[in-house]
Every structure is written in C-alpha cells, then in structure tokens.
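Each residue of the sequence shown is one higher than the last, beginning at 1 in this note's numbering.
Reviewing the structure listed below.
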Amino acid sequence: MDVILHVGAHRTGTTTLQQTLHHNHQRLKAHKVEYWAPQMIRAGLFDGLIKAADRVSPQVVAQARTANQRIARDLHRLDAAGTRTLIVSEENMLGSIPASVTTERLYPDAARRVARLRPAFARHCTRIGLAIRSYDQLWTSMISFTVKRSGRVPDADQRAGLVAQPRRWRDIIRELRVVFPRAEIQVWPFEGMVDAPHHVIARMTGRDLALPLEPVEVVHNPAPDIHALRAAVEAGPCAGHLARLAEWNSGRWMPFTEPQRTKMRADYAEDIAWLRSNPGPAISYIESPEDIVGPTEEERGVRHDEGQRRVG
1 MDVILHVGAH RTGTTTLQQT LHHNHQRLKA HKVEYWAPQM IRAGLFDGLI
51 KAADRVSPQV VAQARTANQR IARDLHRLDA AGTRTLIVSE ENMLGSIPAS
101 VTTERLYPDA ARRVARLRPA FARHCTRIGL AIRSYDQLWT SMISFTVKRS
151 GRVPDADQRA GLVAQPRRWR DIIRELRVVF PRAEIQVWPF EGMVDAPHHV
201 IARMTGRDLA LPLEPVEVVH NPAPDIHALR AAVEAGPCAG HLARLAEWNS
251 GRWMPFTEPQ RTKMRADYAE DIAWLRSNPG PAISYIESPE DIVGPTEEER
301 GVRHDEGQRR VG
C-alpha cells in the first residue's frame, strides 16, 4: 500500500482539496483509495505527533509513541484489506499559522514536526504533496487569519520581518526530502492549480482513475475582508491596533508596501525557477492542469477567474 502525505500548505486551497476528497470518498474507495481527513486526525489519531518543538514534554513523547503504534496497526489493517493508496491530508504537519507569523519564519520547525511522523509512515510513504503560494499573498492571508482570531495586527517592523525572513519553499522541500528520502515530493502552485484539486488528487494517486473525480465548486475558508478584520480588532484586546488598518476602506487588506510585495514576488519567482530546473529525480512540479489533462473551456474561463478572486 502507498501512503501519500498531503502536508498543505496553509492558505493554498487545502480545505477545498480536502472537501474534494470527502465529496469523492466513495468513488475513490471503489478504486481502493482511502482518505484520512483532518477531522479524523485531530480527533486523537495524531495525539502527541503534531506539536511545536518547544511543547514536546515526556508526556507528549509517550503519546506520540502510542499514536505511532496505533497508526501502524491501522495501516496494516488497510493494507490487509486490499487498499492500494491512502491519502493523509493535514496541513498542521508542517506547523501552524500563528507560529509562522509570530516567529517571522515560514514553518520554523517543519523538519522536526515531520520527523515525528517518520516512525509510523516511513515504510509506506511513497509521495508527499505540497502546494505553494507567492509570499506576498501567502503572508497577507496568514496575517489576516491571525488578526481575525486574535485581534492583534502586526506593526510595520513585524511586517518587514516577514518580508525579510530567510526561509523559502525550497527549504521546506529539502527538509521533507531529508525526513522521507524515499518519497517523491509533488509540488504545485496555488496560482495555477487552485481550481483543479480534482486533477491534483488524480495526479497524487499516481495512476489514472476509471471515473473522473467531481470538482467541488464552493471555495472554502476565504481570507476575511477589511470589514471583518476591523470587527475582530474592535472586539479583541488590542482595539488600538485599528489605526494599523485605517488606510483601508473596503476589499481585501494588503499589509505590505509595493516595494515589499515586489521583493516577495521575486523570492517566489526564484523558487519557481528552481522547481522548473528539475532539482532532483524525486521532486516533481505540476505547474498547471494542462500538465495533467488538457484544459476545458470551463477551466479556461469564468469559473477559474471567479475562483481566483474568491480564494483565501
């Protein structure tokens, strides 16, 4: 049995992909493909495994050992039942949004987090799926998420720290390769694949499915607009932070200056160039749906354009 770890990342259409997996669960099961959803994982399956490095106590280590044993038994049961592929989707395997924003680092402890999963999955993991996104849009979406939850708005120095932070998608990919050296890393850009999770899933399984997967039309978990952010700040402990949102009257908040955005887009362009240069035999880059199937008129037109405007 092959295990595919879909590790996110956050704010890259992950929820929509997960909803597509859920919507097509019976269809996938008929092709001997099973799916472990975040709801199942967070209900106790990964107890002790998804923890920040500074929160790992002896009790957490004991929980992780038990969880790895339980996962190993579940994998054996699925394998014995004839399952050919298991997709495990959980973006918190890499880390959390608040930790990235607070430390001003892109998934600062991703390597140690993912390494905690190795005892359970190393034998079966053949593929890891990772969606990436331009840093200006990624950090904007992450900050908006944290502001909505906490009411705290990063100041100019903190936002500048996110612009200058040194970690890149290339670092995340290399760390995944170190932890799971036998697994293929499949990478796709949010910008080109946000409307095609059904195609991504077909590619992740590594084989053609007799029946095409049905797409999910609803975009899930979009970033809050400026009105929602203002409401969250006013209701939270840092109402004085409203001044940091004052220049925005409507639409989506953009916390970065144009020079900062230019710098982050250039950093992302370097990542894309690296991926296009064939950085290794076990790293594959899926740039657009055309890399998997030919585009339909629908995917070229209105639905794609609307999706780009509505995503998180």
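Just so you know, even glycine gets a beta-carbon here, dropped at the ideal spot from N, CA and C.
Beta-carbon proximity check, Gly236 vs Gly151, cutoff 8 angstroms: Walking along the sequence shown from the start, residue 236 turns up at place 236. Walking along the sequence shown from the start, residue 151 turns up at place 151. Yes, they are a contact pair.
Selection from Pro189, Leu75, Lys32 and Ala67 that minimises the alpha carbon distance to Gly129: For this step, residue 129 is matched to residue 129 along the sequence shown. Nearest to Gly129 by C-alpha distance, out of Pro189, Leu75, Lys32 and Ala67, is Pro189.
Sequence ranges, beta strand (DSSP E) only - wholly within the stretch 101-168, length at least 3: Taking only runs of at least 3 residues, the beta strand (DSSP E) segments lying wholly in the stretch 101-168 are 125-132.
Secondary structure of Thr85, DSSP reduced to three states: Working through the sequence shown from its first residue, we reach residue 85 at position 85. Thr85: strand per DSSP, three-state reduction.
Cβ-based neighbour list, Leu162, same chain, cut-off 6 angstroms, excluding 5 preceding and 5 following: Along the sequence shown, read from residue 1 onward, the residue named residue 162 stands at position 162. Exclusion of the five residues before and after Leu162 leaves Glu104 and Trp139 as the residues of its chain whose Cβ lies within less than 6 angstroms of its Cβ.
Helix, strand or coil at Arg303 according to DSSP, with G and I counted as helix: The count along the sequence shown starts at 1 and reaches residue 303 at position 303. Note that Arg303 has pLDDT 35, beneath the 50 cutoff, so the model's placement of it is unreliable and no number is given.
Straight-line Cα distance separating Arg159 from Ala131: What you label residue 131 is simply residue 131 of the sequence shown in a count that begins at 1. What you label residue 159 is simply residue 159 of the sequence shown in a count that begins at 1. Spanning the two alpha carbons is a distance of roughly 23 angstroms.
Range of the contiguous alpha helix (DSSP H) that encloses Leu75: By one-based count along the sequence shown, residue 75 stands at place 75. Residues Pro58 to Ala80.
Residue from His227, Trp253, Val187 and Ala273 whose Cα sits closest to the Cα of Asp291: One-based indexing of the sequence shown puts residue 291 at position 291. In terms of CA proximity to Asp291, Val187 leads the group His227, Trp253, Val187 and Ala273.
Start and end residues, alpha helix (DSSP H) containing Ile41: Residue mapping note: residue 41 aligns to position 41 of the sequence shown, counting from 1. First-last for Ile41: undefined, no H or E at that position.
Any alpha helix (DSSP H) of 4 or more consecutive residues that is wholly inside the stretch 183-207: Within the stretch 183-207, the complete alpha helix (DSSP H) runs of at least 4 residues are 190-193 and 197-205.
Per DSSP, the bridge partner or partners of Glu34: In the sequence shown, counting from the first residue as 1, residue 34 sits at position 34. According to DSSP, which records beta bridges pairwise, Glu34 is partnered with Leu86.
Bridge-paired residues (DSSP) for Val3: Mapped onto the sequence shown, residue 3 falls at position 3. In DSSP, Val3 forms a bridge with Leu86 and Cys125.
Residues near Gln72 in its chain [Cβ-Cβ closer than 7 angstroms; skip 5 each side]: Here residue 72 corresponds to residue number 72 of the sequence shown, with the count starting at 1. For the sequence presented, residue 72 should be read as Ala rather than Gln. These residues qualify, in order along the chain: Ala120.
Where the beta strand (DSSP E) containing Ile283 begins and where it ends: Residue mapping note: residue 283 aligns to position 283 of the sequence shown, counting from 1. Residue range Ile283 to Tyr285 is occupied by the beta strand (DSSP E) that includes Ile283.
Residue range of the alpha helix (DSSP H) that includes Glu258: The residue given as residue 258 occupies position 258 in the sequence shown. Glu258 to Arg276 is the span of the alpha helix (DSSP H), which, as asked, contains Glu258.
Which listed residue (Glu247, Arg261, His25 and His124) has its alpha carbon closest to that of His227: Locating residue 227 in the sequence shown gives position 227, where the first residue counts as 1. Put simply, of Glu247, Arg261, His25 and His124 the residue whose alpha carbon is nearest the alpha carbon of His227 is Glu247.
For Leu21, the three-state DSSP class (helix, strand or coil): On the sequence shown, position 21 is the one that residue 21 refers to. In this structure, Leu21 counts as helix in the three-state DSSP scheme.
Span separating the alpha-carbon of His198 from that of Ile87: Reading the sequence shown from its first residue, position 198 is the one you call residue 198. Reading the sequence shown from its first residue, position 87 is the one you call residue 87. One C-alpha to the other measures close to 13 angstroms.
Spatial distance of Arg118 from Phe180 (CA atoms): Mapped onto the sequence shown, residue 118 falls at position 118. Mapped onto the sequence shown, residue 180 falls at position 180. CA-to-CA, the gap between Arg118 and Phe180 works out to about 7 angstroms.
Reduced DSSP category for Gln308 - H, G, I as helix; E, B as strand; rest coil: Residue 308 sits at position 308 when you count from the first residue of the sequence shown. Any answer about Gln308 is weak, because its pLDDT of 40 lies below 50 and its placement is not dependable; what the coordinates show is given next. Residue state for Gln308 is assigned as helix, using DSSP reduced to three classes.
Touch test, the stretch 12-24 against the stretch 65-85, Cβ-Cβ under 8 angstroms, three pairs minimum: Look at the beta carbons and you see the stretch 12-24 not touching the stretch 65-85: under three pairs across the two are nearer than 8 angstroms.
Euclidean distance between Cα positions of Arg303 and Ala223: In the sequence shown, the residue the question calls residue 303 occupies position 303. In the sequence shown, the residue the question calls residue 223 occupies position 223. Annotation note: pLDDT 35 at Arg303 (below 50); position unreliable, no value reported.
Contact check, Val33 vs Thr85, beta carbons under 8 angstroms: Locating residue 33 in the sequence shown gives position 33, counting from the first residue. Locating residue 85 in the sequence shown gives position 85, counting from the first residue. In contact: Val33 and Thr85 (Cβ atoms closer than 8 angstroms).
Cβ separation of Asp2 and Thr102, assumed to be a contact under 8 angstroms, to the nearest whole Å: By one-based count along the sequence shown, residue 2 stands at place 2. By one-based count along the sequence shown, residue 102 stands at place 102. That pair is no contact at about 36 angstroms.
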